[in-house]
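K.L.:
Mind having a look at this structure? Questions to follow.
In the working numbering, the protein residues as written are 1 to 60.
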């Protein structure tokens with residue numbers, strides 16, 4: 001298994017089309033789309049959770 005440091009693709013920014021995709025989904029969330037909110041949460045939720053824990057936030 002390759003580590004993040006050994007895999008140059010893991011350190012690159014997402015492709016422009018992927019960035020546009022998530023920008024559109026976040027715009028739908030801002031407009032009140034529950035389905036878009038659920039999709040964004042599934043994608044970003046674990047990342048946000050780890051970030052908050054790394055900053056000392058509790059899980060409550």
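Beta carbons are placed, not taken as given, at the ideal position from N, Cα and C, and that holds for glycine.
Computed from a prediction, not measured in an experiment: that's the story for all the values here.
Please report the straight-line C-alpha distance between residue 50 and residue 58, rounded to a whole angstrom.
P.N.:
Residue 50 and residue 58: Cα-Cα distance of roughly 11 Å.
K.L.:
For chain C, check one thing: does any of its Cβ atoms lie closer than 7 Å to the Cβ of residue 38?
P.N.:
No chain C appears in the structure shown, which is made up of a single protein chain.
K.L.:
Looking at the unbroken alpha helix (DSSP H) that takes in residue 20, where does it start and where does it end?
P.N.:
Unbroken alpha helix (DSSP H) run through residue 20: 16-30.
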